[in-house]
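In this note's numbering, the protein residues as written are 19 to 409.
Quick reminder that beta carbons are idealized off the backbone N, C-alpha and C, glycines included.
Please read all numbers here as calculations on a predicted model, not as lab measurements.
One structure is given below, encoded as structure tokens.
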Ligand SMILES: *Cc1c(COP(=O)(O)O)cnc(C)c1O
């Protein structure tokens, strides 16, 4: 039996997968079970911050695995404290909560918004989220997700969450009521098609939240952890929320999520209010510490700014040559091109030619390579894409 047939028979059928089996990787490249090499501009969907097989990350994980992987959050552990300090010291936030995924970080943020409201404004519980957003697959997160296709057949959803169009302040203002506890948005919508927030919009949202003591939550699961050329996407905009949800790239491939909150917001949780068995365990925390250290010691954020600008420029020149591309947009190494055809077949042909890409909605191809990507790899990516689009 082929590996794929074995997978189809034993793994639950929830993903539409490409017909390759990936086995190993180094830097920006991955290899399938037949030894075929692919240039990886998916990076686990913005997860492999440092690429594949990174020695510092592999070493940190191996050392921690030998020492101790996990104890309960009944006890303190140093890697978790160190990671919390790094995140808090490099941000405007006062406290970190650790979990295992983006959805779980979003759930944590929704619970904290309601817990905070319970203490300060007991009449408030409503959350306003954005159309075309993506927040994950658990019930709270999928309810906040503003894309009905993900919500089919699982109703009833969580009560108390409503949606407004993204980047439309008047619509948001009109939706806010005396019951609004929190507003959640992605500073750069990723799955929804690489749609950056407008700065003036975020400024107005921030002022509105201040005026009404509504907690502002940024879902930085995809756009955070260096992807904009700043450690956090809120720094790119210069407009701070009350909480951010993190996951994907935070531990470079080891499953981890985090919620960062201001001291004021974080005080909404008391012992017993929220927990996660694996959250912030020593193995994941050591991996995340290694990722953050590497980002700063090797000036990787500068590389993101530089290569992000180069990729943008290359995609704009490709757009000049190729009528199928109708828009180029994004920030840093979270870029997208919109096509006037479906992205799927283009991505499949690129894969056959040794380039891995992922869509963001039906017509957008997304570029989220490891943050250590170099000029040559961008050249190779765009040249394969050009060959496919112009053929
Ligand atoms: C991927 C993603 C999530 C969900 O993360 P999981 O780890 O898959 O639960 C949430 N929000 C955003 C913005 C994402 O990109």
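From residue i to residue j, what does the alpha carbon distance come to, in whole angstroms?
| i | j | result |
| --- | --- | --- |
| residue 155 | residue 377 | 18 Å |
| residue 312 | residue 173 | 43 Å |
| residue 79 | residue 270 | 11 Å |
| residue 220 | residue 130 | 21 Å |
| residue 96 | residue 388 | 28 Å |
| residue 393 | residue 329 | 8 Å |
| residue 298 | residue 92 | 12 Å |
| residue 108 | residue 38 | 39 Å |
| residue 26 | residue 36 | 12 Å |
| residue 285 | residue 317 | 34 Å |
| residue 52 | residue 373 | 16 Å |
| residue 222 | residue 259 | 12 Å |
| residue 42 | residue 163 | 33 Å |
| residue 411 | residue 200 | This structure leaves residue 411 out entirely; the chain is present only between 19 and 409. |
| residue 359 | residue 345 | 12 Å |
| residue 153 | residue 178 | 16 Å |
| residue 230 | residue 279 | 18 Å |
| residue 216 | residue 363 | 31 Å |
| residue 250 | residue 110 | 10 Å |
| residue 30 | residue 23 | 12 Å |
| residue 314 | residue 63 | 22 Å |
| residue 32 | residue 209 | 17 Å |
Please confirm whether residue i and residue j have their CB atoms less than 8 Å apart.
| i | j | result |
| --- | --- | --- |
| residue 189 | residue 183 | yes |
| residue 383 | residue 354 | yes |
| residue 205 | residue 238 | yes |
| residue 301 | residue 165 | no |
| residue 403 | residue 339 | no |
| residue 102 | residue 124 | no |
| residue 400 | residue 333 | yes |
| residue 142 | residue 281 | no |
| residue 357 | residue 342 | yes |
| residue 307 | residue 104 | yes |
| residue 44 | residue 71 | yes |
Can you give me the start and stop residues for the beta strand (DSSP E) that residue i sits inside?
| i | result |
| --- | --- |
| residue 138 | Per DSSP, residue 138 belongs to no beta strand (DSSP E); it is in the alpha helix (DSSP H), 120-138. |
| residue 192 | Premise fails: residue 192 lies in the alpha helix (DSSP H), 187-193, not in any beta strand (DSSP E). |
| residue 276 | 275-279 |
| residue 148 | 144-148 |
| residue 365 | Run containing residue 365: none in the beta strand (DSSP E); it sits in the alpha helix (DSSP H), 361-370. |
| residue 352 | 352-357 |
| residue 43 | 40-44 |
Roughly how far, in whole angstroms, is the beta-carbon of residue i from the beta-carbon of residue j, given that I think they are within contact range, below 8 Å?
| i | j | result |
| --- | --- | --- |
| residue 180 | residue 144 | 7 Å |
| residue 233 | residue 134 | 6 Å |
| residue 255 | residue 262 | Rounded, the Cβ-Cβ distance is 12 Å, inconsistent with contact. |
| residue 351 | residue 331 | Between residue 331 and residue 351 the Cβ distance is about 13 Å, and since that is not below 8 Å, they are no contact. |
| residue 117 | residue 276 | 7 Å |
| residue 202 | residue 235 | 4 Å |
| residue 195 | residue 175 | Not a contact, Cβ separation roughly 19 Å. |
| residue 294 | residue 122 | 7 Å |
| residue 58 | residue 47 | 6 Å |
| residue 60 | residue 375 | 6 Å |
| residue 319 | residue 379 | With 8 Å as the limit, residue 319 and residue 379 do not qualify as a contact, their Cβ atoms being about 28 Å apart. |
Determine the extent of the alpha helix (DSSP H) in which residue i is found, giving its start and end residues.
| i | result |
| --- | --- |
| residue 325 | 318-339 |
| residue 79 | 73-85 |
| residue 157 | 157-162 |
| residue 399 | 393-408 |
| residue 309 | 300-315 |
| residue 199 | That residue, residue 199, is in no alpha helix (DSSP H); its beta strand (DSSP E) goes 198-203. |
| residue 21 | 21-28 |
| residue 348 | Segment 343-349 is the beta strand (DSSP E) holding residue 348; no alpha helix (DSSP H) there. |
| residue 251 | 251-255 |
| residue 227 | 217-230 |
Closest to residue i by C-alpha separation, out of the options, would be which residue?
| i | options | result |
| --- | --- | --- |
| residue 386 | 334, 123, 241 and 275 | 241 |
| residue 211 | 291, 71, 151 and 229 | 151 |
| residue 126 | 302, 265, 51 and 195 | 265 |
| residue 267 | 69, 103, 35 and 56 | 69 |
| residue 421 | 95, 340, 321 and 163 | Residue numbering for the chain in the displayed model covers 19 to 409; residue 421 lies beyond these limits and cannot be assessed. |
| residue 310 | 30, 42, 48 and 75 | 75 |
| residue 381 | 295, 213 and 103 | 213 |
| residue 303 | 63, 45, 94 and 73 | 94 |
| residue 292 | 128, 218, 187 and 167 | 128 |
| residue 288 | 44, 244, 33 and 137 | 137 |
| residue 115 | 296, 391, 349 and 315 | 296 |
| residue 323 | 119, 305, 283 and 348 | 348 |
| residue 120 | 170, 327, 157 and 391 | 157 |
Considering only heavy atoms of ligand 3, does any lie closer than 7 Å to the CB of residue i?
| i | result |
| --- | --- |
| residue 167 | Of the ligands one can find in the structure shown, namely ligand 1, none is ligand 3. |
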